[in-house]
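Going down the list, the sequences are from chains U and D. Sequence positions in the first sequence follow this note's numbering and run 483 to 807. Sequence positions in the second sequence follow this note's numbering and run 312 to 870. Okay, so here's the structure we're looking at.
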Amino acid sequence: MGSSSITGRLLQYVLVLLVAVTINFLLPRLMPGNPLALIAGADVGLLTPEQRQEVIERAGLDRPLIVQYATYIGDLATGDFGYSYRQKRPITDLIAERLPWTLLLTGIALAISAVVGTLLGALSAWRRGRFTDVASLGVMIVLESMPSFWLGMLLVSIFSVQLGIFPTFGAITPAAGYQGLEAVIDVVRHAILPALTLSILSVPGVYLTMRYSMLGVLGEDFIRTARAKGLSERAILLRHVARNALVPVVTVIALRLGFAFGGTVVVETVFSYPGLGRLIFEAVSGRDYPVMQATFLVFTIAVLISNLLADYLYPLLDPRARAAS
Amino acid sequence: MRFDPGRTGALLAAIVITVAACSPAASTAPSEPAASTSPTAAPSEAPTQVAQVRMGIVGDESTLNPYTYVTGFPGWNLLMLQYDSLMAIDEQGQPQPWLATAVDVSADGATYTLTLADGVTFNDGTPLTSADVAFTVTYFQANTQSRFTRALRGVESVETPSATTVVLKLAGPNPSFPLRTLADVPILPKHIWEAVTNPAEHTFDSVTNVGSGPYKLVEYNSDQFYRFEANADYFRGEPAVKELVVAKFADDAGAVAAIRASEIDMIVRPVAPEQIDILGAEAGITINKGPQFTTTMLNYDTTKFPFDRVEVRQAVSLAVDRQDLADTVYLGGATPGSSGWIHPNSPFFNSAVVTKTDVDAAKALLDGINATDTDGDGIRELDGQPLSMEMLTPSNDSLRLRVAELVREMLLQIGIDAKVASVEQATWEAKIWPDFDVSKGRDYQLGVWGWSAPVQADTGQIAQLVHSDPAVGSINLTGFSDPETDQLAEELGITGDPARRQEIINRLQEIIATELPFVMLLYPDGAYAYRPDVYDGWIFITGRGIMDKISLLPPEARP
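Quick look at the structure:
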């Protein structure tokens, strides 16, 4: 792959990012209602005139739009996402506190769904039409259509409220003061149900892609050749079929990375997990527009990064894509 | 993407309850506590201190100093665990002496002389003196990013003749001053705050977070929990609970699941109407119910067709069946509205005001002004125009939406066509209360509205609600104008004598019930869930609920 195509592609991403940032900047200024209410949130009615003036000056609403835009871009470039009038804290701090928890959940969920989805998909395709295939396909389609909040509530109700195995909420036991190994176990216990919910929701996507990809490869001429050569079924499955079938699956998994972030909005809310998704939910219900803007931007960046990753992983896995570019 | 947190939350809760009810374990035994940290419960009659109570709130209240807490409820209530005000609210919701053991008001009602309690110290050991009170007044006046700035606006000077005496001079008499200011503003320690130049951005830690209150915030974990420790030397007596853990939930359903799993012992927010019976039936959980002062009402523009006609307003008030609204939408968990505005459980309620539903009388009123259905479509016409309009309601409040839908049916019966328009909250506010400034007028005909509890709790606020001059009637969202009302509202603002105040308030309720600047529909009741085996000292403060620091003090230490 030539260096010019790398720069070209990066330029595309920068352009998309700029468009997203611009929309993000314009939205609160175009929405109905008082822009002051959009910046200061639901409590604007309680602000004194001096406070209102302070908010307007602080948000720069008294300056020309183009100046506001330049300031906005400049602040973003230095990692300054603005100030939450509702939470009374810099948004960069809020995001920094919550991002690790979301990465933990999405990381676990992605790992589980990648491994389980790929293995089950491969197995299903290999046993096409037999009981294993039909049963797992059926289960996956049911799982795929489950609403995430419903699944989360179901797991809480069974495993937390009724059986008392896992905690119902949070990322740690409040004020328990655990240290060392105890603290690690506490975090794991709290992460299991939300991570499980997220995994269950993303397994079907990986599974279906792997299954169809495998079926495609199984029908190729070179597989017939391999069989004709007298290779063992095991060698054919692992060396020829699975390796070729994995190419689109890796793309799907990389893209899931971005969308897994989106899935955390509901799951982190159901489990009161202190991540970015819950930050979005609370920003929306509390009408904290600066926080909404900032978190939407972070999600946009996550999707862009996962796309970029997929773009660059693909040629590494598939020599044809390398030759083409 | 359009979120509806209220509706989603209720839906989620309904599902979790359904699921739980179907599960066999629910009917046999309450689940065991999942966490090993369950507190040691004290027998209710024993005077021993309870070791720990875990409460659940929804959302984060930031770093909980007077400049950074987020909401009026429960943010202010949590803030006041650490700080004290000069007066405090008693069980009836009335201000009583607290840090100030004596509150003397001058004959003209504009000078308050306060005597501070002896031996009060901040929890770092520094004595609390009149200098701290004076500092608090000037600090909040100078640093405007706080609600206490508004509360102290009318204070013109503060003098400290002795270490335990404070004299506050107001610009004029203000009978609401004890409730709205003395029982609201936290007293700051001067030696800490005089060094703070930008309070809104000052993140407090456990060392600098100093107040004189019964609790001290010792741990803050963003979006997860707060931990408070009791102040053993509290001037009113040692708190009844040693440690408070306040867990932060994303929504009500999460808190409900947690109290059922014994992971928390109390939910700070009121329980949703549809959950009251189910949660109350659970072993080990008690629901404490009582009157609250939040309001749900119909607002209309009284300066424009058709609500400029008092007969139309009266017909609307007669057509709505308030009991039906309370029973159907709130499943009985609401008090039907008094057309005179004041809650029937309030000590200021005028029992001579009778609120009734009479559809025939409503029809007769409309017939009387020749508002009849001339074209046979079931909708009356008045002066050639149909009585047809939009009724605005915020899309994020499912209860208000249901109220609006029922009111629509009730008004259709008398030939008024009020179409429900469920709009985004910002749009709803911008139309009914443009720029939150009454002098900018109104851009609506009819809407479901509601005020938070303080507007009802302070009877002095009637003046702001109904006075025709925006400078006084700062929340007169309906453009109501009536000379007698204006005169009474002005008199109320300067009258300190309780008997005369009651007379004025009684008369105002009569006027409101007949002139109808708005139609009071109902007051949602409060219902609070807690585990009495852990702590049973919660008291219901009229209009405010159970989450207040006085609930955490032994009975003899309460106001």
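Each residue gets a CB set at the ideal place from its N, CA and C atoms; glycine is no exception. Computed from a predicted structure; not experimentally measured.
Trp-739/D, enclosing beta strand (DSSP E) - first and last residue | Reading the second sequence from its first residue, position 428 is the one you call residue 739/D. Not the beta strand (DSSP E): Trp-739/D falls in the alpha helix (DSSP H), residues 736-743.
Since Asn-817/D is in the alpha helix (DSSP H), which residue starts that stretch and which ends it?
-> One-based indexing of the second sequence puts residue 817/D at position 506. Start and end: 809-826.
Tell me, to the nearest whole angstrom, how far the beta carbon of Leu-808/U is from that of Thr-588/U; I am working on the premise that it is less than 8 Å.
-> There is simply no residue 808/U to check, as chain U begins at 483 and stops at 807 in what is shown.
Starting from Trp-760/D and walking both ways along the alpha helix (DSSP H), at which residues does that stretch end?
-> Reading the second sequence from its first residue, position 449 is the one you call residue 760/D. Segment 757-760 is the beta strand (DSSP E) holding Trp-760/D; no alpha helix (DSSP H) there.
From Leu-697/U, Arg-534/U and Ile-682/U, pick the residue whose C-alpha is nearest to that of Arg-461/D; which is it?
-> On the second sequence, residue 461/D is found 150 positions in, with the first residue counted as 1. The shortest C-alpha separation from Arg-461/D is found at Arg-534/U.
By the 10 Å Cβ neighbour count, where 16 or more other Cβ atoms means buried, how is Arg-693/U classified, buried or exposed?
-> Taking the first sequence and counting its residues from 1, one reaches residue 693/U at position 211. Classification for Arg-693/U: buried.
So is Thr-607/D in contact with chain U if we call contact Cβ pairs under 8 Å?
-> Counted from its first residue, the second sequence places residue 607/D at position 296. No, no contact with chain U.
In chain U, which residues lie less than 9 Å from Arg-365/D when you measure between Cβ atoms?
-> As a first step, residue 365/D must be located in the second sequence, where it is residue number 54. Those within 9 Å of Arg-365/D in chain U are Pro-656 and Ala-657.
Residues bridged to Gly-840/D by DSSP?
-> Your numbering for residue 840/D matches position 529 in the second sequence. Here residue 840/D is Ala; the residue named in the question, Gly, does not match the sequence. BP columns for Ala-840/D point to Ile-598/D.
First through last residue of the alpha helix (DSSP H) which encompasses Gln-452/D | As a working note, residue 452/D is residue 141 in the second sequence. Counting along the chain, the alpha helix (DSSP H) containing Gln-452/D begins and ends at 441-453.
From Arg-610/U to Ile-589/D, what distance separates their C-alpha atoms?
-> Here residue 610/U is taken as the residue at index 128 of the first sequence, counted from 1. Here residue 589/D is taken as the residue at index 278 of the second sequence, counted from 1. For Arg-610/U and Ile-589/D, the distance between alpha carbons rounds to 48 Å.
Beta-carbon separation (whole angstroms), Gln-724/D vs Ala-868/D, contact threshold 8 Å | Against the second sequence, residue 724/D aligns to sequence position 413. Against the second sequence, residue 868/D aligns to sequence position 557. No, Gln-724/D and Ala-868/D are not in contact; Cβ-Cβ is about 54 Å, not under 8 Å.
Tell me which same chain residues have a C-beta within less than 8 Å of the C-beta of Glu-692/D, skipping the five on either side of it?
-> Within the second sequence, residue 692/D is the residue found at index 381, counting from 1. Contacts found: Ala-682, Thr-683, Asp-684, Thr-685, Asp-686 and Leu-698.
Near the ligand ATP: Val-631/D beta-carbon under 7 Å from a heavy atom = Among the components modelled here there is no ligand, and therefore nothing to report on the ligand ATP.
Buried versus exposed call for Tyr-841/D [16 or more other C-beta atoms within 10 Å across all chains shown] = Taking the first residue of the second sequence as position 1, residue 841/D is located at position 530. Buried, because 16 or more other Cβ atoms sit within 10 Å of the Cβ of Tyr-841/D.
Hey, Asp-435/D and Val-521/D are a contact pair by Cβ (cut 8 Å); roughly how many whole angstroms apart?
-> Residue mapping note: residue 435/D aligns to position 124 of the second sequence, counting from 1. Residue mapping note: residue 521/D aligns to position 210 of the second sequence, counting from 1. Right, their Cβ atoms sit about 5 Å apart.
Enumerate, from N- to C-terminal direction, the unbroken alpha helix (DSSP H) stretches of 4 or more residues contained entirely within the stretch 618-647 of chain U.
-> 630-637
Inspect the beta-carbon positions of Val-749/U and Ala-568/D and report whether they are closer than 8 Å.
-> Position 267 of the first sequence, counted from the first residue, corresponds to residue 749/U. Position 257 of the second sequence, counted from the first residue, corresponds to residue 568/D. In this structure, Ala-568/D does not lie closer than 8 Å to Val-749/U by Cβ.
Are any of the Cβ atoms in chain U nearer than 8 Å to that of Ala-346/D?
-> Position 35 of the second sequence holds residue 346/D. Because the pLDDT at Ala-346/D is just 38, under 50, the model does not fix this residue reliably, and the point stays unresolved.
Would Glu-467/D count as contacting chain U if we go by Cβ distances under 8 Å?
-> Here residue 467/D corresponds to residue number 156 of the second sequence, with the count starting at 1. Glu-467/D does not count as touching chain U.
Under 8 Å by beta carbon: chain C residues contacting Thr-440/D | Any reference to chain C falls outside this structure, whose protein chains are U and D.
Val-496/U to Gln-550/U, Cα distance in whole Å?
-> Position 14 of the first sequence, counting from 1, holds the residue named residue 496/U. Position 68 of the first sequence, counting from 1, holds the residue named residue 550/U. Distance between the alpha carbons of Val-496/U and Gln-550/U is about 21 Å.
Roughly how many angstroms separate the alpha carbons of Asp-754/D and Gly-726/D, rounded to a whole number?
-> Counted from its first residue, the second sequence places residue 754/D at position 443. Counted from its first residue, the second sequence places residue 726/D at position 415. The alpha-carbon atoms of Asp-754/D and Gly-726/D are separated by roughly 24 Å.
Could you name the residues that DSSP lists as bridge partners for Asn-532/D?
-> Here residue 532/D refers to the residue found at position 221 when the second sequence is read from its first residue. Bridge partners of Asn-532/D: Phe-536/D.
For the stretch 630-644 of chain U, which residues have a beta carbon sitting closer than 8 Å to at least one beta carbon of chain D?
-> Phe-631, Trp-632, Met-635, Leu-636, Val-638, Ser-639, Ile-640, Ser-642, Val-643 and Gln-644
In angstroms, rounded to a whole number, what distance separates the CA positions of Glu-540/D and Ala-729/D?
-> Here residue 540/D corresponds to residue number 229 of the second sequence, with the count starting at 1. Here residue 729/D corresponds to residue number 418 of the second sequence, with the count starting at 1. Roughly 53 Å separates the two Cα atoms.
Integer Cβ distance of Val-759/D from Val-714/D, believed to fall under 8 Å | What you label residue 759/D is simply residue 448 of the second sequence in a count that begins at 1. What you label residue 714/D is simply residue 403 of the second sequence in a count that begins at 1. At roughly 6 Å, the Cβ-Cβ gap stays under 8 Å, so Val-759/D and Val-714/D are in contact.
Burial state of Asp-495/D (16 or more Cβ within 10 Å) = Start at 1 with the first residue of the second sequence, and residue 495/D comes out as number 184. Buried.
From what residue to what residue does the alpha helix (DSSP H) around Phe-781/U run?
-> Start at 1 with the first residue of the first sequence, and residue 781/U comes out as number 299. First-last of the alpha helix (DSSP H) with Phe-781/U: 771-799.
Check whether the Cβ of Ala-769/D lies closer than 8 Å to any Cβ atom in chain U.
-> For the purposes of this step, residue 769/D is identified with residue 458 of the second sequence, where counting begins at 1. Checking the displayed sequence, the identity of residue 769/D turns out to be Asp instead of Ala. No, Asp-769/D lies away from the interface with chain U (no Cβ there is under 8 Å from its Cβ).
Return yes when the Cβ of Pro-756/U is within less than 8 Å of the Cβ of Trp-583/U, no when it is not.
-> Locating residue 583/U in the first sequence gives position 101, where the first residue counts as 1. Locating residue 756/U in the first sequence gives position 274, where the first residue counts as 1. In this structure, Pro-756/U lies closer than 8 Å to Trp-583/U by Cβ.
Rounded separation between Met-483/U and Tyr-796/U - CA only = Position 1 of the first sequence, counting from 1, holds the residue named residue 483/U. Position 314 of the first sequence, counting from 1, holds the residue named residue 796/U. Here the model assigns Met-483/U a pLDDT of 47, short of 50, so the residue's position is not dependable, and the following value carries that caveat. Cα-Cα distance, rounded: 12 Å.
Using a Cβ-Cβ cut-off of 8 Å (strictly less than) and excluding sequence neighbours within five positions of Arg-711/D, which residues of its own chain qualify?
-> Taking the second sequence and counting its residues from 1, one reaches residue 711/D at position 400. Answer for Arg-711/D: Thr-607, Thr-704, Pro-705, Val-759 and Gly-761, listed in chain order.
What's the C-alpha gap between Ser-627/U and Met-774/U?
-> As a working note, residue 627/U is residue 145 in the first sequence. As a working note, residue 774/U is residue 292 in the first sequence. Computed Cα separation, rounded: 28 Å.
Shortest alpha-carbon distance to Leu-786/U belongs to which of Thr-746/U, Phe-741/U, Phe-753/U and Arg-802/U?
-> Along the first sequence, read from residue 1 onward, the residue named residue 786/U stands at position 304. Nearest C-alpha to Leu-786/U: Phe-741/U.
Looking only at its own chain, which residues have a Cβ that is under 7 Å from the Cβ of Gln-820/D, when we skip the five neighbours before and after it?
-> For this step, residue 820/D is matched to residue 509 along the second sequence. Around Gln-820/D: Gly-651, Trp-652, Ile-653, Asn-661 and Val-664.
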